[in-house]
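Taking it in order: structure first as C-alpha cells, then the write-up.
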Amino acid sequence: MDNLLSGQLNAVSIIQLMLAPAIMISACGLLLLGMNNRYSLVVNRIRLLNEEKRRLLMKVGEKPITTDENVRLESIAKQISFLVYRVKLVRNSVLSYAIAVGLFVLTSLLLGISSVLSIFKLNYFIIITFLLGMVSVLAGVLFAGFETKKGYDIIKFEVQAHE
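When the count follows numbering that gives the first Met the number 0, it moves up by one through the sequence shown with no breaks and lands on 162 for the last residue.
Laid out in C-alpha cells, this is it:
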C-alpha cells in the first residue's frame, strides 16, 4: 500500500514539475497573441501608405506635382522605411517567443523522460533548456520594447510633419 501511495506521490510530483514550463508556455502564448496583433497593424499601415503613395504618383503623371504632394510623398517614404524596421522588430519578438515556447515544451518533455526513466544526467539539459527559454522570452520583451519606442518615434515624426 505504501509503495502504491509513493508511486502516486511521485506521479504528482512529476506532473507538478512539468507544469512550471507549461505556465511559461501559456504566458508566451499571450505575448505571441499581442505581438501578432501588432504585426497585423504595422503591415496594414504599410499597405495603406503604399496605396496612398501609388495614388499620389498617379496624380503626378497627370499633372505637375505640387509642393504639398512632394512633401507628402517624402513623408510617406520615410514612414514606410520606419515601419519596415518596426515590422522587423515585431517579427524578431514573435520568433523569440515562439522559440521560448519550443524550449519550454522541450523542458517539459525532458522532465517527463527524466522522471520516467530515472535519467538524472538529463537534469543539466532540463535546466539549460528552461534557462534558454527564459533568455528567449527576455529577447522577445526587449524587441517588443524597441518596437514600442519605434512606434512612438514614427507617430512623433508624423505629427511634426503635419505642423
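Glycine residues also receive a C-beta, built at the ideal position from the N, C-alpha and C atoms.
- Between F129 and L102, the CB-CB gap stays under 9 Å.
- The beta carbon of L121 sits closer than 6 Å to those of L109, S113, all from its chain and outside the five residues before and after it, given in chain order.
- By the Cβ neighbour-count rule, P20 is buried, with 16 or more other Cβ atoms within 10 Å of its own.
- The three-state secondary structure of F119, taken from DSSP, is coil.
- Cβ contact annotation for V100 (same chain, cutoff 6 Å, sequence separation greater than five): I24, C27, in chain order.
- Its chain contains no residue whose beta carbon lies nearer than 7 Å to that of M133 once the 5 sequence neighbours on both sides are disregarded.
- The beta carbon of I125 lies closer than 8 Å to those of T106, L109, L110, S113 in the same chain, with the five residues before and after it left out.
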